[in-house]
Structures are given as structure tokens and as C-alpha cells.
Amino acid sequence: MLITRECDYAIRIIRALSSGDIMNVPTICEKESLTSAITYKMARKLEKAGLIKSYRGSAGGYALNCDLERTTLYDILTVIDSKMLLIECMQSGYDCSVNQPKQPCLAHREFLRIQMNLNKELKECSLAKLLHG
């Protein structure tokens, strides 16, 4: 599946933090109806990518660390799933008996076209547009 539950959680974490407030994971979970285990995991990935920042201490939590106008949906999804492919056979180095240089697979070619269009659309969708219309 292209848009996994983890990708959905990441977008919802960003949405919760788009208010500009520092929020801890239980608050994010309550606000976005998320489970804590996956929220912690996705928050760590988003923090490692520099999209959110963590604050320690009793008033700690996470805050947005990216520009919603310049950060795209593609940016978020590829932080969570770097491959983000429609179908497994599109992976680099995948050996497909049906898709050969002398006789290419027409389905593979169509999936590649769709993947390119999808990536283009995701790169054009800023988080500001996604979250605030």
C-alpha cells in the first residue's frame, strides 16, 4: 500500500503541531485520535528528518520545525517510507521475468507513468495547502 498507516500518522502529527504549540505525545494522540506507540515512532522519524523539534522537561514535547509553505506532502511521505512505490516491481534492481528490455511489460510502463504523476502532485501539495486549504 502506498499511503501506509504510518504515513497517515505522520501527517496527523504535523497537523496537530501546525498550531505552533509545543505538544507532548499524549496530547497529540488525544487531538488526532492516534495510538501512542506509532505516534512516538513517527515523531522520532519526523524529528530525525528535521521536520519537528523535541523539547525535554516537564513542559516538553514536540513542535513544528518546518515551513508549511515550503514543505510538501511528498516530503512527509518519503521521510516515513523512502521508497513510496505503487508496486514492488518498480524498485531499483527488481528482477521481473515479465518486464524485459526486449519485451517491456505494458502494466509496468503504466504504473511508472502513474507513479511519476503521483510524485509530481505530492511535490506540488504544500502542507499549508493541505492543512489550511
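Residue numbers (the working numbering): 23 to 155. Heads up, the beta-carbon is just placed ideally off N, CA and C, and yes, glycines get one too. Small disclaimer: the values here were computed from a predicted structure and weren't measured.
Please state whether the Cβ-Cβ distance between residue i and residue j is less than 9 Å.
i, j, result
"L86", "L24", "no"
"L153", "I36", "yes"
"L144", "S40", "no"
"Y31", "L56", "yes"
"E69", "S76", "yes"
For residue i, I'd like the list of residues in its chain whose CB is within less than 7 Å of its CB, leaving aside the five on either flank, ordered along the chain.
i, result
"I109", "F133"
Under the three-state reduction of DSSP, which class applies to residue i: helix, strand or coil?
i, result
"A38", "helix"
"S148", "strand"
"A85", "strand"
"Q113", "coil"
"M106", "coil"
"K124", "coil"
"I25", "coil"
"S58", "helix"
"I74", "strand"
On a Cα-Cα basis, can you pick out the residue from the options that is closest to residue i?
i, options, result
"L95", "S40, S41, E146 and D103", "E146"
"A65", "L90, S80, A81 and P48", "P48"
"G155", "S119, M138, K105 and L90", "L90"
"R78", "D117, K142, K70 and N46", "N46"
"E52", "A38, A129 and L128", "A38"
Quick one: measure Cβ to Cβ for residue i and residue j, integer angstroms, because I've assumed they're closer than 8 Å.
i, j, result
"K124", "V101", "About 38 Å separates the two Cβ atoms, so there is no contact after all."
"E162", "I50", "The displayed coordinates of the chain run from 23 to 155. Any statement about residue 162 would go beyond what the structure contains."
For residue i, I'd like the list of residues in its chain whose CB is within less than 8 Å of its CB, leaving aside the five on either flank, ordered along the chain.
i, result
"L73", "I36, L86, N87, C88, T93, D97, I98 and V101"
"Y116", "E110"
"K105", "Q113"
"D43", "A85"
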